[in-house]
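Chemist:
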Amino acid sequence: MFQELQRRIDTAKELDFGSIFQRSLDLFKETWVQGLILTLISIAITLPLIMLIYIPMIVYGISDPSAFEQGDLAALPIFIMAITLIVVIVIISALSFALQAAFFKMIKKIDHKETNEDVNFFMYFKQPYLKKSLILSLALIGIAMVSALLCYLPLIYAIVPLQFFVLFFAFHPELSISEVIKLSFKLGNKKWLITFGLILVAGILAQFVGMLLCFVGVFFTASFGYLPLYHIYKDVIGFDNQPEIFETNSI
905 MFQELQRRID TAKELDFGSI FQRSLDLFKE TWVQGLILTL ISIAITLPLI
955 MLIYIPMIVY GISDPSAFEQ GDLAALPIFI MAITLIVVIV IISALSFALQ
1005 AAFFKMIKKI DHKETNEDVN FFMYFKQPYL KKSLILSLAL IGIAMVSALL
1055 CYLPLIYAIV PLQFFVLFFA FHPELSISEV IKLSFKLGNK KWLITFGLIL
1105 VAGILAQFVG MLLCFVGVFF TASFGYLPLY HIYKDVIGFD NQPEIFETNS
1155 I
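For the sequence shown, the numbering used here gives the first residue as 905, with consecutive numbering after it.
#1: Mapping DSSP to helix, strand and coil, what is residue 1077?
#2: Measuring CB atoms only, is the stretch 958 to 965 touching the stretch 989 to 1006, in the sense that at least three cross pairs come out at less than 8 Å?
#3: Going by beta-carbon coordinates alone, are residue 916 and residue 1138 separated by less than 8 Å?
#4: Determine, using beta carbons only, whether residue 1143 and residue 1068 come nearer to each other than 8 Å.
#5: Alpha carbons only, please: which of 983, 1008, 1063 and 1023 is nearest the one belonging to residue 1103?
#6: Quick check on DSSP: helix, strand or coil for residue 986?
#7: Residue 1031 lies in the alpha helix (DSSP H); which residues open and close that run?
#8: Beta-carbon separation of residue 1054 and residue 998 under 8 Å?
#9: What do you get for residue 1006, buried or exposed, if any count of 16 or more other CB atoms within 10 angstroms of its CB means buried?
#10: How long is the line joining the alpha carbons of residue 1026 and residue 1032, rounded to whole angstroms?
#11: What separation, rounded to the nearest whole angstrom, lies between the Cα atoms of residue 1110 and residue 1127?
#12: So which of 1056, 923, 1123 and 951 has the shortest CA-CA distance to residue 1099?
#13: I think residue 1121 touches residue 1106, with their Cβ atoms under 8 Å apart; what is that distance to the nearest whole Å?
#14: Could you round the C-beta distance between residue 1029 and residue 1052 to whole angstroms and report it? I think they count as a contact, below 8 Å.
#15: Following the continuous alpha helix (DSSP H) through residue 1115, name the residue where it begins and the one where it ends.
#16: Alpha carbon to alpha carbon, what distance is there between residue 1085 and residue 1047?
#17: Given this structure, state the Cα-to-Cα distance separating residue 1151 from residue 1040, to the nearest angstrom.
#18: Go to residue 1064, then tell me how far its alpha helix (DSSP H) extends in each direction, as first and last residue.
#19: Please say whether residue 1038 and residue 1066 have beta carbons closer to each other than 8 Å?
#20: Between which two residues does the alpha helix (DSSP H) carrying residue 1016 extend?
#21: Can you tell me which of the three DSSP states residue 917 falls into?
#22: If you run the structure through DSSP and keep just helix, strand and coil, what is residue 1026?
#23: With a threshold of 16 other CB atoms inside 10 Å of the CB of residue 1132, please say whether the residue is buried or exposed.
This is the structure:
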């Protein structure tokens, strides 16, 4: 399958910006409810996890309230808070990655009018999917951080291939971590300009329309940014009507 996906990328046809954008608008009319649910679930998961970061400080403040008044904070609670922050970021990234993958499966189901496939937002929360989601999200964060450290210019390039991590994971979870990364960068390189343009325009439009709707509208329009990526993947890679077989030792 890896070689076949590489072949499809190498032989991909030219993509039309206007066509993809229009199809994304049309699909948004059918999927905005699922996009809103995705946003709300993400918030519901993220907020409690963020609160965990402050637990060490709360416990320390209860045990010694005078420390905050004097500004004399011990190193231990600060260290624990920093470690908690890292753990929380990793957990949020993995869960968000899995949610996005499920959302793309839902988009495909609606787009193709499928009725026989069981798809839900938590389908990738079970093993071994969640483990692979965790590793891929860590790889994504690591590549983004290294790119940002290199004067941010490499990050502008890397942001396009990184967007395809979740798509290859969603539709081909049998691929290994390295294969997902290689295919994502291969597709990102092949269709970098049109992908970057669509991401930029879709993101600006989603934010602008959301702000016009008293800012609350952002919850409704945020998912629009995913749809051009879906259509690029669909036009280049396509979909196979075959059962997904996950190799647990495929890392």
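Glycine residues also receive a C-beta, built at the ideal position from the N, C-alpha and C atoms.
Modeler: Checking against the coordinates, here is how it stands:
#1: The DSSP-derived three-state label of residue 1077 is coil.
#2: In short, these stretches do not touch, since the Cβ pair count stays below three.
#3: If you check the CB distance, residue 916 and residue 1138 do not come in under 8 Å.
#4: Not in contact: residue 1143 and residue 1068 (Cβ atoms no closer than 8 Å).
#5: Nearest of 983, 1008, 1063 and 1023 to residue 1103, Cα basis: 1063.
#6: In the structure shown, the three-state DSSP call for residue 986 is helix.
#7: Premise fails: residue 1031 is in no alpha helix (DSSP H) and is neither H nor E.
#8: No, Cβ-Cβ distance for residue 1054 and residue 998 is not below 8 Å.
#9: Classification of residue 1006: buried, given that the 10 Å Cβ count is 16 or more.
#10: For the pair residue 1026 and residue 1032, the Cα-to-Cα distance works out to about 13 Å.
#11: Rounded to whole angstroms, the separation of the alpha carbons of residue 1127 and residue 1110 is 8 Å.
#12: Out of 1056, 923, 1123 and 951, 923 has the C-alpha closest to the C-alpha of residue 1099.
#13: The Cβ separation is near 15 Å, so there is no contact.
#14: Their Cβ separation, rounded to whole angstroms, is 29 Å, which puts residue 1029 and residue 1052 out of contact at 8 Å.
#15: 1096 to 1116 is the extent of the alpha helix (DSSP H) around residue 1115.
#16: Cα to Cα, residue 1047 sits roughly 10 Å from residue 1085.
#17: Legend: pLDDT at residue 1151 = 41, less than 50; position of this residue unreliable, value from coordinates given subsequently. Using only the alpha carbons, I get a separation of about 16 Å.
#18: Per DSSP, residue 1064 belongs to the alpha helix (DSSP H) from 1057 to 1067.
#19: Taking a C-beta distance under 8 Å as the contact criterion, residue 1066 and residue 1038 do not qualify as a contact pair.
#20: No alpha helix (DSSP H) holds residue 1016; DSSP gives it neither H nor E.
#21: Residue state, collapsed to three classes: coil.
#22: Three-state result, residue 1026: coil.
#23: Counting the other Cβ atoms within 10 Å of the Cβ of residue 1132 gives 16 or more, which makes it buried.
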